[in-house]
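If you're matching positions, the sequence shown starts at 13 in our numbering and goes up one per residue.
Note that CB positions come from ideal geometry on N, CA and C, so glycine has one too.
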Amino acid sequence: MNLKFDENGLIPAIVQDYYTKQVLTLAYMNAESLAITISEKKTCFYSRSRKCLWRKGETSGNFQNVVSITADCDGDALVVEVVKDGPACHTGAESCFNDAVFISDEIKPFCYEGLYNLIKGRKTDPKEGSYTTYLFDKGIDKILKKVGEECTEVLIAGAKKDKEETIYELADLVYHCMVLMVEADITLKDVTHELSKRHVVDHKVKQERMQ
Numbered sequence: 013m014n015l016k017f018d019e020n021g022l023i024p025a026i027v028q029d030y031y032t033k034q035v036l037t038l039a040y041m042n043a044e045s046l047a048i049t050i051s052e053k054k055t056c057f058y059s060r061s062r063k064c065l066w067r068k069g070e071t072s073g074n075f076q077n078v079v080s081i082t083a084d085c086d087g088d089a090l091v092v093e094v095v096k097d098g099p100a101c102h103t104g105a106e107s108c109f110n111d112a113v114f115i116s117d118e119i120k121p122f123c124y125e126g127l128y129n130l131i132k133g134r135k136t137d138p139k140e141g142s143y144t145t146y147l148f149d150k151g152i153d154k155i156l157k158k159v160g161e162e163c164t165e166v167l168i169a170g171a172k173k174d175k176e177e178t179i180y181e182l183a184d185l186v187y188h189c190m191v192l193m194v195e196a197d198i199t200l201k202d203v204t205h206e207l208s209k210r211h212v213v214d215h216k217v218k219q220e221r222m223q
């Protein structure tokens, strides 16, 4: 596809987290910065204020490792999916888009990261009467027991081929797995990064430990 740069030789590039799909920033590229980005597999942009090229992370170390670059149907905008080494925003925030202008009360998107952070908050800031806080108070043995119980419930629902019940039990399992992750100091990024290294769709992978 032939890309359409504007009268200043620039094209907008929407940078998106490869794992969470969160929009990280909106920047601009010219032909040279795009070529550098493709060659080095790290984002390089053109600063309209400084009128020069800048590589994301060159001073902060928060590089953005490029997974894919996609143009829109008109060829005048790009979406750049990245795996980031640190915060995307110069303020230290994970994304430049943090202040919501409008969120519909009727349609509220679900975010695994939001649930994970909520669960983590029940550990770092215990809340009286919270089931999640109760699990953390009881410790790893209780958490592992609940994960095992929920696995069994999923198996039973799946065996019955009851779609609604299976969805319900899978949701319970995911929640309790997240509690285990927080207890074990495992992040969502840790798991998605591990999955990204595997050919899980076509091959069964079993972890091998050094003896």
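Taking all protein chains shown into account, do 16 or more other C-beta atoms lie within 10 angstroms of the C-beta of Cys56, making it buried, or fewer, making it exposed?
-> buried
With distances taken from CA atoms, which of Glu93, Tyr128, Val166, Lys68 is nearest Ala196?
-> Tyr128
Express the C-alpha separation of Cys64 and Ala43 in angstroms, rounding to a whole number.
-> 13 Å
Can you tell me the Cα-Cα spacing of Tyr30 and Glu93, whole angstroms?
-> When rounded, the separation of the alpha-carbon atoms in Tyr30 and Glu93 is 5 Å.
Would Pro138 count as contacting chain C if we go by Cβ distances under 8 Å?
-> The structure shown has no chain C; it contains just one protein chain.
Leaving out five residues on either side along the sequence, give the residues of the same chain with a beta carbon under 6 Å from the beta carbon of Lys150.
-> none
Cβ-Cβ distance between Val78 and Lys53 below 8 Å | Remark: C-beta atoms of Val78 and Lys53 approach each other more closely than 8 Å.
Give the single residue among Ser72, Leu15, Ile131, Asn20 whose Cα lies nearest to the Cα of Met193.
-> That would be Ile131, whose Cα lies nearest to the Cα of Met193.
Taking all protein chains shown into account, decide if Tyr143 is buried (16 or more other Cβ within 10 angstroms of its Cβ) or exposed.
-> exposed
What are the start and end residues of the alpha helix (DSSP H) that includes Arg134?
-> Following the DSSP letters along the chain, one finds Arg134 inside the alpha helix (DSSP H) bounded by residues 124-136.
Specify the secondary structure class of Ile81 as computed by DSSP and reduced to three states.
-> strand
Where does His205 land, buried or exposed, given buried means 16+ other C-beta within 10 angstroms?
-> exposed
Proximal residues to Glu138 (C-beta, below 6 Å), its chain only, five neighbours per side dropped | Reading off the sequence, residue 138 comes out as Pro, not Glu. Thr145.
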